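For reference, each letter of the sequence shown is one residue, going 1 to 166 in the UniProt record's numbering. Using N, Cα and C, we set each Cβ at its ideal position, and we do this for glycine too. Note that this is a predicted model, so its numbers are computed, not measured. A quick write-up on the structure given underneath.
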Amino acid sequence: MISTFLIEHAPLVRAAFWVTLAAAAVLAWLLHRLRLRGILLGLSGVSLVAVLVLTLLPDGTRPGGVTCTVQFSVPFQGLETLANVALLLPLVLFLGTATNRPLTILAGAVALSVAIEVVQALAPALGRRCDTNDWFMNTVGALLGAVVALVVCRIERRRTTAAVAG
């Protein structure tokens, strides 16, 4: 039912993605500015749990042999690619902002995505399949989250530096 709704309202879903990204960026900036690191870490934890649940819980299909697909799509073209872009984005955005190390978090997120695909390939009982496109879209989302976190951290660093100098 939810899949049908998303497919029938694809343009709305795409717009909601960008609005949600903007809202998450503002939230990350505000929490960073107010030095509410604990809340950023909590949001990061919730994001990580969501990633693990969405990627590693059995999906209800019958287990089969190991199947891996090698493909690369254009980001933001379909709902599945958009969902994969969105998967790691909040984790990297919130954790990168909380730690002031968005590039380090980006590297960890890319490694996490690879690990997820390997587990999906090696655990056929999950009923999932590995796909290079999933890894690629996860990486695009993680990169987008890291860029936003980097901007948030730089804005706050400049503001703090200007306040101390002035």
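Apply the 10 Å Cβ neighbour rule to V51 and answer buried if 16 or more other Cβ atoms are within range, or exposed otherwise.
-> buried
Buried or exposed: W18, going by 16 or more other Cβ atoms within 10 Å of its Cβ?
-> exposed
Work out the CA separation of L106 and R154 for me, nearest whole Å.
-> Cα to Cα, R154 sits roughly 16 Å from L106.
Can the beta-carbon of L57 be found closer than 7 Å to that of G145?
-> no
Would you kindly report the start and end of the unbroken alpha helix (DSSP H) that includes T139?
-> T132 to A165
Name the one or two DSSP bridge partners that T69 has.
-> D131
Does the Cβ of R33 have 16 or more other Cβ atoms within 10 Å, making it buried, or fewer, making it exposed?
-> With a threshold of 16 other beta carbon atoms within 10 Å, R33 falls short and is exposed.
Out of L122, L31 and G78, point me to the one whose CA is closest to E8's CA.
-> Measuring from the Cα of E8, the nearest candidate turns out to be G78.
Would D59 pass as a contact of G127 if the rule is Cβ separation under 7 Å?
-> yes
For the alpha helix (DSSP H) containing G38, list its first residue and its last residue.
-> Per DSSP, G38 belongs to the alpha helix (DSSP H) from R37 to L56.
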